[in-house]
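Chemist: Note that the protein sequences, when read in sequence, are chains A and B.
The first sequence begins at 1 in the numbering used here and counts up by one.
The second sequence begins at 117 in the numbering used here and counts up by one.
Where a beta carbon is used, it is the ideal one built from N, C-alpha and C, also for glycine.
This is the structure, below, for whatever I ask next.
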Amino acid sequence: NAGVMQNPRHLVRRRGQEARLRCSPMKGHSHVYWYRQLPEEGLKFMVYLQKENIIDESGMPKERFSAEFPKEGPSILRIQQVVRGDSAAYFCASSPQGAGVAYEQYFGPGTRLTVT
Amino acid sequence: KNEVEQSPQNLTAQEGEFITINCSYSVGISALHWLQQHPGGGIVSLFMLSSGKKKHGRLIATINIQEKHSSLHITASHPRDSAVYICAVRSNTGNQFYFGTGTSLTVIP
C-alpha cells in the first residue's frame, strides 16, 4: 500500500507564476489536509478537504490560494501569482475518514516551493 | 500567544539518556498528536492520544486532559532519534489543527 504521494518534490517558480502542488492520498483515504511550513517556523494548517468538498479552509490565505480534491485524481493546491513569501514546504496528509478522533493522519514527503 | 507550546526548543543528549519533551496547549481538543520530522523534512506520525498513555518501542506518550499537558518520553536514546518532535492538537470545536514549533533533539554517540 503506497503512502501519501506528493509531486513535485521541489518546485521553482518566478514571481508572478502559478504553482500547482499535487497530493495523492493513501489508498482508501478520502480526506486530505494541507499544511504549510515556512522557513524556521512551525507547521500551519491550511485546508481540509473531502472528495469534492472543502470542509474547512480557515487556514488558507484569502487571495491567490485555492485547493480542490476532485472525485477522480489527486488533491491540488494552487497558488496564483506567487510571491517570495510563498516559499515554503507544503505538506499534505490523508486519513481514512474525517473528524473522528480515532483516525490518524499520514503525511506525504512534502513539496518544497522556492519563488525566485 | 501560540495555542500549543513545547519545551525545550532544543535538546542535546548523550546516547542512552532518558529524554522528555513537554507540550502544553490552551484550546479544547479532541486529540493530540506527536510527530517526528527528520532532517530531510519527512514527517511521521508517532502517536495520537485523547487520554492516558501509549507506548511504542522506546517511545512513550502521556496526556493529562485536565492540565492540558502531554509529554513524549524516549528511553535509551539513540543517535537515530535525532529529529524535530512536533506536538499538534486538533480543536474540538472544528477541524483546525494547531502545531507547536517543535523540539529539535540531537543525540550524541
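#1: Taking only beta-carbon positions, decide if glutamine 212/B is within less than 9 angstroms of chain A.
#2: So does glycine 73/A have its beta carbon nearer than 8 angstroms to some heavy atom of the ligand FMN?
#3: May I ask you to verify whether the region 120 to 140 of chain B touches the region 54 to 74 of chain A, counting CB pairs closer than 8 angstroms and requiring at least 3?
#4: Using DSSP with H/G/I as helix, E/B as strand and the rest coil, what is arginine 206/B?
#5: For glycine 85/A, name the three-state secondary structure that DSSP assigns.
#6: Specify, as a first and last residue, the run of the beta strand (DSSP E) that histidine 10/A falls within.
#7: Could you check whether the Cβ of alanine 93/A sits closer than 9 angstroms to any Cβ belonging to chain B?
#8: Using the Cα positions of arginine 9/A and asparagine 53/A, report the straight-line distance between them to the nearest angstrom.
#9: Per DSSP, what kind of secondary structure is threonine 217/B in: helix, strand or coil?
#10: Going by alpha carbons, who is nearest to phenylalanine 213/B out of His185/B, Val143/B and His189/B?
#11: Just tell me which of Ser123/B, Asn208/B, Gly132/B and Leu151/B has its CA closest to the CA of histidine 194/B.
#12: Pairs of beta-carbons, one from the region 173 to 191 of chain B and one from the region 22 to 38 of chain A, closer than 8 angstroms: are there three or more?
#13: Which residue spans inside the region 143 to 169 of chain B form an unbroken beta strand (DSSP E) run of at least 3?
#14: Below 8 angstroms between beta carbons is the criterion; list the residues of the region 52 to 81 of chain A that meet it against any residue of chain B, in chain order.
#15: Tell me whether valine 101/A is buried or exposed, calling it buried when 16 or more other Cβ atoms sit within 10 Å of its Cβ.
#16: Where DSSP assigns a beta bridge to methionine 46/A, which residues make up the other side?
#17: Could you list the residues in the region 152 to 167 of chain B with a C-beta less than 8 angstroms from some C-beta on chain A, going in chain order?
#18: Quick one: what's got a C-beta closer than 6 angstroms to leucine 165/B's C-beta in the same chain, skipping five residues either side?
#19: Check whether the Cβ of isoleucine 202/B lies closer than 9 angstroms to any Cβ atom in chain A.
#20: Taking a cut of 8 angstroms between CB atoms, which residues from the region 25 to 56 of chain A lie near chain B?
#21: Among all the DSSP beta bridges, which residues are the ones paired with lysine 171/B?
#22: What does the alpha-carbon distance come out to for the pair glycine 210/B and alanine 192/B?
Modeler: The short version:
#1: For glutamine 212/B, the nearest CB of chain A lies under 9 angstroms from its own CB, placing it at the interface with that chain.
#2: The ligand content of the structure shown is nil, which means the ligand FMN is not present either.
#3: For the pair of segments examined, the region 120 to 140 of chain B was found not to touch the region 54 to 74 of chain A: the number of CB pairs separated by less than 8 angstroms stays below three.
#4: Reduced to three states, the DSSP call for arginine 206/B is strand.
#5: In this structure, glycine 85/A counts as helix in the three-state DSSP scheme.
#6: From DSSP, the beta strand (DSSP E) with histidine 10/A extends over 10 to 13.
#7: Between alanine 93/A and chain B, the shortest Cβ-Cβ separation is below 9 angstroms.
#8: Going by the C-alpha atoms only, they are around 25 angstroms apart.
#9: Threonine 217/B: coil per DSSP, three-state reduction.
#10: That would be Val143/B, whose Cα lies nearest to the Cα of phenylalanine 213/B.
#11: In terms of Cα proximity to histidine 194/B, the closest of Ser123/B, Asn208/B, Gly132/B and Leu151/B is Gly132/B.
#12: For the pair of segments examined, the region 173 to 191 of chain B was found not to touch the region 22 to 38 of chain A: the number of CB pairs separated by less than 8 angstroms stays below three.
#13: As far as the region 143 to 169 of chain B is concerned, its whole beta strand (DSSP E) runs of at least 3 residues are 145 to 153 and 159 to 165.
#14: Answer set for the region 52 to 81 of chain A: Ile55, Asp56, Ser58 and Gly59.
#15: Reliability of the predicted coordinates at valine 101/A is poor, the pLDDT of 48 falling under 50, and the value obtained from them is presented with this limitation in mind. By the beta-carbon neighbour count (other beta carbons within 10 angstroms, threshold 16), valine 101/A is exposed.
#16: None, per the DSSP bridge assignment.
#17: Taking 8 angstroms as the Cβ-Cβ cut-off against chain A, the residues of the region 152 to 167 of chain B that qualify are Gly157, Gly158, Ile159, Val160, Ser161, Met164 and Ser166.
#18: Once the five neighbours on either side are set aside, the close Cβ partners of leucine 165/B are Leu148, Ala177 and Ile179.
#19: Output row for isoleucine 202/B: interface = yes.
#20: Residues are counted here when their Cβ sits less than 8 angstroms from a Cβ of chain B; for the region 25 to 56 of chain A these are Tyr33, Tyr35, Glu41, Gly42, Leu43, Lys44, Phe45, Tyr48, Ile55 and Asp56, given in chain order.
#21: Lysine 171/B pairs with Ile176/B.
#22: Each residue's Cα considered, the two are about 38 angstroms apart.
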